[in-house]
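Asks: Residue numbers (the UniProt record's numbering): 1 to 625. Before anything else, here's the structure in question.
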Amino acid sequence: MTDLADETVQLVDAAWRQGLRPELQMTVTEWADTNRVLPNATAEPGPWRTSRVPYLKDIMDCLSTSSAIERVVLMKGAQTGGTEAGLNAIGYWIAHAPGMILAVWPSIDMVRRNSRSRIEPLIEDTPALRARIAPARAKDPGNTVGMKEFPGGALIMTGANSATGLRSTAARYLVLDEVDAFPADAGGEGDPVALAEQRTVSFRGRRKIFLISTPTEAGVSRIEKAYAESDQRRYFVPCPHCGSYQPLAWRGITWPEGEPAKAFYVCQADDCGGVMEEADKTALLAKGEWRATATGNGRTAGFHLSGLYSPFESWGEIARAFLTAKRDPAQLKAWTNLKLGEPYEDRDLAPLAPDTLAARGLPCDPPWTQLLPEGVAVITAGVDTQDDRIEVEFVGWGRGEASWSLDYEIVHGDTSRPEVWAVLDRLLARRFAHPKAIADLPVLAVAVDSGGHRTDQVMRFSAERLNRRVWAIKGRGGPGVPPWPKRPPKARIASLAPVHIVGVDTLKHGLLSRLRIDDGGPGACHWPADRDYLWFTGLVAERPVRRYTRGVARIEWVPDPGVRNEPLDCRVYATAALHGLYAAGLSLSDLADKCEAALPANTSAPQPSSSPKPAGVLRSQWMSR
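Structure follows, in structure tokens:
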């Protein structure tokens with residue numbers, strides 16, 4: 001018994017001394033360069049090399065236990081390696097300074113996806129981590145999709161939409177990825193970022209918080225706000241001609257006329273103007289250094305990282321992407337966020353006057369319902385359902401998502417009865433004569449709103465016409481909701497159609513931006529000169545307003561009192577239908593090419609068609625409200 005007691009005392013003494021021993025002074029960069037192995041699925045598999053992305057060194061080292069920095073903010077562009085820096089920090093904490101780690105992604109679905117595509121490869125391909133985490137086994141709670149246990153701690157993964165996950169664990173380390181996609185409120189309990197950071201309070205002085213995201217809207221972006229509260233560091237690189245250090249900025253990128261692939265950087269020093277080529281980028285990055293541009297509080301380090309620094313994407317590729325996006329506000333916003341890593345300063349939030357839009361109407365003789373404009377390659381329809389009527393807009397789409405409002409119809413009648421739906425069916429079966437295409441164009445896809453009191457009727461109508469791509473949809477507001485669901489939904493009842501959730505705020509924002517394009521070209525919206533004025537008032541019946549929920553800014557669409565917004569809804573749904581076609585594999589530019597090349601230049605165009613008006617239910621165009 002005495003020997004056993006002595007052995008117990010020795011074990012306790014050893015554990016006590018181990019607890020008193022200070023952590024080894026190793027940085028995240030040193031650990032990653034020594035241990036991290038990138039999986040085969042990455043662009044450059046094999047041992048991690050910080051020298052490949054030298055701008056990440058300071059970011060990662062601020063996440064080391066030897067650094068006094070507690071909060072690290074990274075506002076970044078795409079293809080810059082920011083997420084890999086977060087994975088390196090997680091690996092370092094697991095292997096070198098164990099403790100509870102909380103990783104938060106925007107949703108539970110993203111947790112599942114990132115756990116399998118990022119965390120599990122991080123562990124499996126890095127021997128130093130694989131040895132510390134047991135393999136996943138059935139009925140073993142220590143290694144699951146949402147949790148990875150290791151000696152001294154665990155990695156807990158949760159979604160920002162789960163209030164339970166955000167309040168259940170005290171953590172020394174916290175990684176918040178893509179915070180601009182977080183919901184404004186987590187289950188009614190407040191800002192998910194604030195909830196997650198509260199989990200680290202007991203570790204104040206030893207904690208590490210890492211916020212990573214590409215930004216979104218200026219004034220709304222969470223990562224922009226966090227960066228503004230930091231010391232606002234930027235990566236300065238030296239000009240090889242004059243030696244002056246400067247952060248890379250878009251204004252310095254230029255290219256020969258018509259050759260964006262040959263883009264180069266011009267030194268921004270007043271007395272230089274020297275040219276830096278893409279081939280110089282590696283040397284520039286190696287000699288660069290982070291410099292704070294604000295005072296900060298000494299505990300928060302903020303880093304802004306543009307895609308211009310990325311070794312994985314050339315200046316020429318970014319320039320080509322700019323030329324594609326510059327005329328389309330929706331694409332330009334994405335380009336600004338993803339390529340420059342900057343919040344988009346949206347100057348298009350001011351309301352549009354119906355008179356301004358009405359004055360831009362185009363003469364069309366014959367009407368577009370009889371002979372389409374040459375630019376139309378695809379036709380979709382958006383249907384809004386009310387108790388006493390159905391309203392539908394037919395929209396033609398061309399290259400660059402230029403659009404033409406071909407027709408707007410109202411079918412009056414009790415929408416609980418089949419007669420109204422029969423008329424709608426005949427309307428959607430119409431075909432439109434094209435001046436160049438060999439055959440008339442059909443309505444290729446339809447989005448029908450399933451909200452309101454006629455959900456069952458809409459779902460049955462859709463179920464019987466899914467082969468014609470007549471889709472039941474339901475709009476969902478809020479930031480980050482895509483125009484069309486990434487995965488096909490499943491029908492809850494076999495006899496009814498599935499309901500597709502579409503991001504109406506995203507679509508409205510894009511429409512408002514495109515309505516401002518007044519010189520034609522990609523993204524421009526066109527309508528006939530004889531369209532009734534009330535249609536224009538309905539098209540701009542909602543306006544975006546910045547509001548705050550528990551201190552978090554967000555854009556909400558507010559309807560104008562007393563103005564009917566069915567034209568806006570129908571256009572949003574018709575645009576959603578186009579995105580549904582994209583999800584099904586359609587290429588709008590390919591179809592535009594086919595329409596343009598369908599007939600030789602000397603071939604006569606088909607004669608205008610005259611579709612008969614369906615009978616049986618009172619039906620009107622918007623011309624006679």
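All C-beta atoms, glycine included, are put in the ideal place defined by N, C-alpha and C.
Nearest-angstrom Cα distance between Tyr173 and Val28?
Replies: 13 Å
Asks: In the DSSP output, which residue or residues are listed as bridge partners for Tyr408?
Replies: Glu393
Asks: If distances are taken between C-alpha atoms only, which option among Glu70, Pro39, Glu278, Asp33 comes closest to Arg52?
Replies: Asp33
Asks: What separation, rounded to the nearest whole angstrom, lies between the Cα atoms of Gln10 and Thr50?
Replies: 42 Å
Asks: Give me the Cα-Cα distance between Thr455 and Ser416, rounded to the nearest whole angstrom.
Replies: 10 Å
Asks: Give me whichever residues DSSP pairs with Val73 in a beta bridge.
Replies: Leu211, Gly302
Asks: Assuming Trp255 is part of the beta strand (DSSP E), what are its boundary residues?
Replies: No beta strand (DSSP E) contains Trp255, which DSSP labels as neither H nor E.
Asks: Assign Asn114 to buried or exposed, taking buried as 16 or more other Cβ atoms, counted over all protein chains shown, within 10 Å of its Cβ.
Replies: buried
Asks: For Ala43, name the three-state secondary structure that DSSP assigns.
Replies: coil
Asks: Does the contact criterion of 3 or more C-beta pairs under 8 Å hold for the region 530-548 versus the region 583-594?
Replies: Result no; under three Cβ-Cβ pairs closer than 8 Å.
Asks: Does the distance from the CB of Arg204 to the CB of Ala171 come in under 7 Å?
Replies: no
Asks: Starting from the C-beta of Met26, find all residues in its chain whose C-beta is less than 6 Å away, skip the five residues before and the five after it, and write them out in chain order.
Replies: Closer than 6 Å at the Cβ level, and outside the excluded window around Met26, lie His96.
Asks: Could you pull out every residue in the same chain whose Cβ sits closer than 6 Å to the Cβ of Glu257, ignoring the five residues on either side in sequence?
Replies: none
Asks: Check whether the Cβ atoms of Gly302 and Ala445 lie closer than 7 Å to each other.
Replies: Not in contact: Gly302 and Ala445 (Cβ atoms no closer than 7 Å).
Asks: With three or more C-beta pairs closer than 8 Å as the rule, is the region 484-499 touching the region 306-323?
Replies: no
Asks: Only counting the same chain, and skipping five residues up and downstream in sequence, which positions put a Cβ closer than 6 Å to that of Pro106?
Replies: Within the same chain, Ala160, Glu178, Ala181, Phe182 come within 6 Å of Pro106 by CB-CB distance, once the 5 residues on both sides are set aside.
Asks: Apply the 10 Å Cβ neighbour rule to Asp384 and answer buried if 16 or more other Cβ atoms are within range, or exposed otherwise.
Replies: buried
Asks: Would you identify the three-state DSSP class for Leu457, choosing helix, strand or coil?
Replies: First, the amino acid is wrong: residue 457 is Gln here, not Leu. Residue state, collapsed to three classes: helix.
Asks: Once the 5 residues before and after Arg399 are set aside, which same chain residues still bring their CB inside 8 Å of it?
Replies: Gly375, Ala377, Pro522, Leu588, Ser589, Ala592
Asks: What does DSSP give as the partner residues of Ile101 in its beta bridges?
Replies: Leu155, Tyr173
Asks: Span of the alpha helix (DSSP H) holding Lys333?
Replies: 329-335
Asks: Using 7 Å as the threshold, is the C-beta distance between Leu176 and Val104 below it?
Replies: It is a contact, given that the beta carbons lie within the stated cut-off.
Asks: As a quick exercise: from Met147, Leu87, Leu102, Ala286, pick the residue whose alpha carbon is nearest that of Pro121.
Replies: Measuring C-alpha to C-alpha distances from Pro121 to each of Met147, Leu87, Leu102, Ala286 identifies Leu87 as the nearest.
Asks: Contact between the region 38-46 and the region 292-310: three or more CB pairs below 8 Å?
Replies: No: the two stretches stay apart, fewer than three of their Cβ pairs being nearer than 8 Å.
Asks: Would you mind sorting Lys287 into buried or exposed? The rule is 16 or more other CB atoms within 10 Å of its CB.
Replies: Burial call: exposed.
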